[in-house]
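With this note's numbering, letter number 236 in the sequence shown gets 248, and the count goes up by one each step, no holes.
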Amino acid sequence: MPCNREAVTQRTEAPSGEDSAFVLSRGVVMLFAVACGAAVANVYFSQPLLVTMGHDLAMSPALVGSVVTLTHVGYGLGLFFLVPLGDVADRRRLVVTQLLLLVGVLTLVAAARTAAMLLAGMAATGLLAVVTQTLVAFAASLAPPAGRGRVVGLVTSGVVIGILLARTASGLLADLAGWRSVYLASAALTASLALVLHRVLPRHSAAPPSTLRYGQLLRSTVTLFARERLLRLRALFGLLVFAAFSTLWSSVALPLSEAPYFWSHSAIGALGLVGAAGALAATVAGRLNDRGLSRRTTGIALALLAASWLPLAFTRSSLWALVVGVILLDLAVQAVHVTNQTLIYALHPDAGSRLIGGYMVFYSIGSATGAIAATSLYTVAGWGAVCALGAAFSCLGLALWAFTRHSAPDPAG
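What follows is the structure in structure tokens.
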């Protein structure tokens, strides 16, 4: 289809039709980071609250487990069906609308009196939380090409902190005022951010950058993957590193809740504070990408990711080993993630939302694969087997980089 071909082949130097007079200050970048972290945290709030939710609503263990599953299913659907809209709609209006809808859904979750209402609300929460990726694409479109890596790195650091601190915040709030207070507080924060973003973000100064109809828009996302080898490669890196990331974070609570630690849910959630060091890697990786060092950054990060599983294997005998392993793993994952997003956005800035949304579908597949495999393996073979699984995902990523490092171009260079 001619309009599809134009949409996926045109490369633009201008920032996607945004207001050319708008200056992306550091304060606005930090606002993007805060909004991204607050939105994505909604996907992870429920994890420390499952037992309490189940007791409150008389849900069976299997039904309680579906809370997390449905949230991630909703998120995956949103990545494919909602995020691409950022390429054809006014992004400011799209962001504010999604945030306001998210406020309503979070209020519904907080008021849920039946399991069906809770599950429907959690699926819708995941669907709308993809506003995070719309914000990432929006920030990238406003950044000058020479500083795009730095901007994506800073915004992604907000995503990292939101993911890792969500469990800590929800555990503390639930201990103080019950699990429903978590979603009420998030609704209030989301409403405030919607108001601020409406006032701060620029309007389009011209017509939307693409006139594709919705069906054409979705088909062009698939076409992008068929045409762009770098996009396919970076999506595979994303799948593997987030499979490793999820292998750790979906199962680390299991050995910590047993002998010799017997940690509480709040203490386990606080481990996210250690993992937040990964936010540092996001900003550093962004700057390295701006200097044309994306290939080297990816290789070093994947090597660190593989090495992180050695200290993690000693978690049962040493907390220091756990801390070192968590820091290495999160630094590595975020460095690869920022590099991936910076490179794929540069392929077609006019299709930035479709590129990032499609890439993040692979992120979701990797996260789900790691979570399911790790929790199942722990029950059968213990923590050592979980570490072997994480190391396998990491080494596959490193091997993929080694085989493709000379054949894949380094666009940032």
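C-beta: ideal position from N, C-alpha, C; glycine also. What you are looking at is a predicted structure, and each value in this text was computed from that prediction instead of being measured.
Check: Is Gly-327 helix, strand or coil when you go by DSSP?; Outcome: Reading off the sequence shown, one finds Thr at residue 327, where the question assumed Gly. If DSSP states are grouped into helix, strand and coil, Thr-327 belongs with coil.
Check: Taking the C-alpha atoms as reference points, what is the distance between Leu-201 and Met-42?; Outcome: 16 angstroms
Check: According to the neighbour-count rule (16 or more other Cβ atoms, all chains shown, within 10 Å of its Cβ), is Gly-304 buried or exposed?; Outcome: exposed
Check: I'd like to know if the stretch 328–337 and the stretch 404–416 are in contact, where contact means that at least 3 CB-CB pairs between them fall below 8 angstroms.; Outcome: no
Check: So Ser-198 packs on Asn-54, CB below 8 angstroms; how close in whole Å?; Outcome: 6 angstroms
Check: What did DSSP end up calling Ala-282 once you bin it into helix, strand or coil?; Outcome: coil
Check: My output table needs one value for Tyr-375: the three-state DSSP class, helix, strand or coil.; Outcome: helix
Check: Within a Cβ cutoff of 8 angstroms, which residues of the same chain sit near Arg-299, ignoring the five residues on either side of it in sequence?; Outcome: Gly-161, Arg-162 and Gly-165
Check: Use the C-beta contact count for Ala-218: other C-beta atoms within 10 angstroms, 16 or more gives buried, fewer gives exposed.; Outcome: Note that Ala-218 scores 41 on pLDDT, short of 50, meaning its location in the model is unreliable and no value can be drawn from it.
Check: Between the Cα of Thr-146 and the Cα atoms of Asp-342, Ala-135, Tyr-87 and Leu-177, which residue gives the shortest distance?; Outcome: Tyr-87
Check: When you compare the CB positions of Ala-51 and Val-143, do they come within less than 9 angstroms of one another, or not?; Outcome: yes
Check: Less than 9 angstroms between the beta carbons of Arg-417 and Gly-311, yes or no?; Outcome: yes
Check: Tell me the DSSP secondary structure of Ala-219 in three-state form.; Outcome: With a pLDDT of 41 at Ala-219, under the threshold of 50, the modelled position of that residue is not reliable, and the figure given next carries that caveat. Note: Ala-219 maps to coil in three-state DSSP.
Check: Nearest to Ala-279 by alpha carbon, out of Arg-225, Leu-75, Arg-179 and Arg-241?; Outcome: Arg-179
Check: Just list the alpha helix (DSSP H) runs in the stretch 40–69, keeping only unbroken ones of 4 residues or longer that don't cross its boundaries, in chain order.; Outcome: 62–68
Check: Of all the options Leu-176, Leu-389 and Ala-293, which has the alpha carbon lying nearest to the alpha carbon of Ala-344?; Outcome: Ala-293
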